[in-house]
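**Q** Numbering-wise, full-length UniProt numbering puts 175 at position 175 of the sequence shown, and it's gapless, one number per residue. Don't be surprised by glycine CBs; every beta carbon is placed ideally from N, CA and C.
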Amino acid sequence: MADLKVFFGLLSGLCRKEYYDDATITDEFLRSELFADAKPEVYKKQKAMAQGLISAALDAELSLNDVPAFADQHQLSEDQAKAFAKFWKSNQSKLRDVLIQRTAWRPKLKKSSWRVDSTIKTSRVDETNVQHLLLELAVVEQGKESLRLMSLDAAGVDRLLEDMERVDALLGGTVGTSS
1 MADLKVFFGL LSGLCRKEYY DDATITDEFL RSELFADAKP EVYKKQKAMA QGLISAALDA
61 ELSLNDVPAF ADQHQLSEDQ AKAFAKFWKS NQSKLRDVLI QRTAWRPKLK KSSWRVDSTI
121 KTSRVDETNV QHLLLELAVV EQGKESLRLM SLDAAGVDRL LEDMERVDAL LGGTVGTSS
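So this is what it looks like as structure tokens:
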């Protein structure tokens, strides 16, 4: 039973340290809490095994149904297999979310809106019916949302469309045009 708790604690601690960015979890802390009476080599070996299991499970996109076969494949003891199953059941979706967040593009576009405005003749402006595209982008960067506003004339809109077509071509033509 002690092995189950120790191995579960090691898996959870490494997960918090490496994936959830918990700065309070250090190697020294894990070693002193879980392997205080063991030689440093024992901790290093167990840590490497636990890190390898977490990494392999993430790489394989391991489902809960596949955990017993995964444990057999990695020759885990009965207590280690139980600890890993318990760990994976409580952390699988959170770990996948963390990996998705780490690989997401930054900054992220949260919302966009646009409208076309026409200027009218006033005492200060001689031009009439000059249209401008007003583009408003809500961008999230490092958890903070900011609003970016752009005003484009006809030439600016043409340049924007050309840039979008170049990006589309680089992506293999995944974005179609509507007619």
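Since residue 12 and residue 87 are thought to touch, with beta carbons under 8 Å apart, how far apart are those beta carbons, to the nearest angstrom?
**A** Confirmed, about 6 Å.
**Q** Secondary structure at residue 114, three-state DSSP: helix, strand or coil?
**A** In the structure shown, residue 114 sits in a strand (DSSP, three-state: E or B).
**Q** When the Cα of residue 111 is compared with those of 47, 163, 137, 22, which residue comes out closest?
**A** Per the Cα distances, 137.
**Q** Could you check if residue 120 is buried or exposed, using at least 16 other CB atoms within 10 Å of its CB as the buried criterion?
**A** Exposed.
**Q** Excluding the 5 residues preceding and the 5 following residue 76 in the sequence, name in chain order all residues of the same chain whose CB lies nearer than 7 Å to its CB.
**A** Excluding residues within five positions, the ones whose Cβ falls inside 7 Å are 84.
**Q** So, are the CB atoms of residue 10 and residue 47 less than 8 Å apart?
**A** Yes. Within cutoff.
**Q** Quick one: grab the DSSP three-state call for residue 96.
**A** The answer is helix: DSSP assigns residue 96 an H, G or I state.
**Q** With distances taken Cα to Cα, identify the nearest neighbour of residue 135 among 129, 145, 114, 154.
**A** Checked all of 129, 145, 114, 154; the closest Cα to residue 135 is 114.
**Q** Of the choices 169, 171, 129, 168, whose alpha-carbon is the least far from that of residue 153?
**A** Out of 169, 171, 129, 168, 129 has the C-alpha closest to the C-alpha of residue 153.
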